[in-house]
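Going by full-length UniProt numbering, the first residue of the sequence shown is number 1, and it counts up by one from there.
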Amino acid sequence: MKLMILGASGAQLNAIKRAKELGYKVVATDYYTNSPGKLIADECGLASTFDYEETLKVALETKIDGIMTTGTDQPVYTVNKVADKLSLPRFLSVNTAYAVTNKRVMKEKFLKAGIPTPDYRIIKKDFTDSQLEGLEFPVVVKPFDSQGQRGIFKLNTIKEVRLHFDDVIKHSREDSILVESYYKNDEITISGWVRDGKAKVLTITDRVTFDNDKYIGICSSHEFPSKHYKQYKEEFIALTDKIVDAFNISQGPIYFQLFVGDQGIKVNEIACRIGGAYEDEFIPLITGVDILKMVIDSSMGQDIDYYPLDNYNIENNENYLTVQLFFANFGTVQSITDRDEIIKLDGVYNMNYNYKENDFIKPIENASVRAGYVIITANTNQDIQKKVDNLYKKMLMLNKQGNNLIINRDYYKRYTE
């Protein structure tokens with residue numbers, strides 16, 4: 001049997017490897033010829049994961065039996081649209097898939113269902129100042145249908161919105177953009193699984209982010225459990241249920257991003273996929289629920305083993321975990337600490353670099369230039385922090401001058417016990 005996986009970057013590598021281990025032939029598609037996933041896939045297709053027609057063409061040519069994606073937003077719509085056309089297994093209706101991948105529709109559904117979200121406006125290039133009247137500045141501008149923080153900026157004036165309009169719209173297939181009031185917050189992610197319209201929350205993490213001038217929301221780590229869990233757990237779960245109902249999500253993985261600030265909880269955006277911060281690795285590690293296998297099995301029309309999901313309760317999860325999504329300053333990499341040396345460090349479950357020796361690292365604008373990731377587990381908050389500190393002492397990515405390019409950002413701030 002043959003499974004098409006949309007995307008062949010680092011975010012899809014685990015899915016490609018796992019599907020092959022499960023005995024499936026994998027067709028990997030994106031618009032690059034040299035994506036890492038294509039080096040290990042059985043077959044490859046040259047088609048943008050955003051492009052329904054091109055993806056359908058490859059699907060027909062390769063005679064697939066199933067289609068899926070992971071770790072990325074926009075292909076969710078393409079997956080469900082192709083699956084619907086070819087009568088293949090799918091989690092979502094085409095309408096729901098569109099609603100969870102287009103921020104215009106998403107925001108409208110939030111308002112209709114009474115789901116709290118930052119105040120916003122929709123504008124075109126020739127917008128008037130009056131269209132932004134009443135919107136509190138600073139604002140965040142976003143394309144409706146992009147991903148990975150592309151085209152997202154924090155701006156302080158209407159003049160800046162005009163100046164950045166083209167920088168936003170170039171990442172979109174629409175002629176309008178989203179402008180929303182900036183809400184100072186801590187970010188939260190909720191990962192779970194929906195079965196017959198009922199959600200089971202698996203993890204609630206702190207999504208630690210940093211701002212780099214006008215570029216905002218760039219994620220540097222995920223931390224479990226969230227420091228807000230005890231105070232807001234009932235609200236998190238109730239809001240999850242409300243979103244699932246409002247969007248008619250019937251089956252499959254969910255990944256919701258929430259804000260916690262002085263005005264309470266607000267929903268940033270939602271997705272129906274496994275998260276892109278290596279949730280496919282860490283969710284099974286700390287919950288026992290193999291969410292990646294569940295997606296693969298369902299996409300191929302196989303029965304899902306629901307026993308681990310049915311027997312999991314987040315209230316009983318006493319694990320501590322961090323995913324360090326580290327960045328580096330721009331420059332050419334001369335040498336790197338060997339991966340095996342990092343894996344040997346206490347508490348490290350897995351890690352990988354996104355660069356190798358002699359690669360050039362570009363300046364940080366979004367998550368696409370991330371230098372790598374490390375998954376660390378521990379028994380306490382203090383233990384996690386010690387292991388993270390030790391990691392950044394040992395992990396080096398040196399330039400020709402012998403300077404360590406890896407950024408040891410002090411954003412890992414947890415409550416101590």
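Even for Gly, the Cβ is constructed at its ideal location relative to N, Cα and C. Since the model is a prediction, treat every value here as computed from it, not as a measurement.
- Collapsing the DSSP output to three states places K200 in a strand.
- Nearest C-alpha to Y353 among D346, E341, G347, P363: E341.
- D280: not part of any beta strand (DSSP E); member of the alpha helix (DSSP H) spanning 279-287, first to last residue.
- Residue range 381-394 is occupied by the alpha helix (DSSP H) that includes Q382.
- The beta carbons of Y320 and T287 sit no closer together than 9 angstroms.
- In this structure, V140 sits near P118, with a CB-CB distance shorter than 9 angstroms.
- T72 and G7 have their alpha carbons spaced roughly 8 angstroms apart.
- The beta carbon of D290 sits closer than 6 angstroms to those of P284, all from its chain and outside the five residues before and after it, given in chain order.
- In this structure the stretch 371-388 does not touch the stretch 164-181; the number of beta carbon pairs closer than 8 angstroms is below three.
- Sorting F282, Y215, V94 by C-alpha distance to the C-alpha of E223 places F282 at the top.
- Here the alpha carbons of P308 and D262 stand approximately 37 angstroms from one another.
- Counting C-beta pairs with one atom in each stretch, the stretch 234-254 and the stretch 177-191 have three or more that are closer than 8 angstroms, which means they touch.
- The C-alpha of L46 lies about 6 angstroms from the C-alpha of D30.
- Using a Cβ distance threshold of 9 angstroms, L13 and P36 count as a contacting pair.
- The three-state secondary structure of G37, taken from DSSP, is helix.
- Counting along the chain, A271 sits inside the beta strand (DSSP E) bounded by residues 264-271.
- In this structure, DSSP gives D310 a helical state, which the three-state scheme calls helix.
- The beta carbon of V79 is closer than 8 angstroms to those of L6, I67, M68, T69, R90, A97 in its chain, skipping five residues each way along the sequence.
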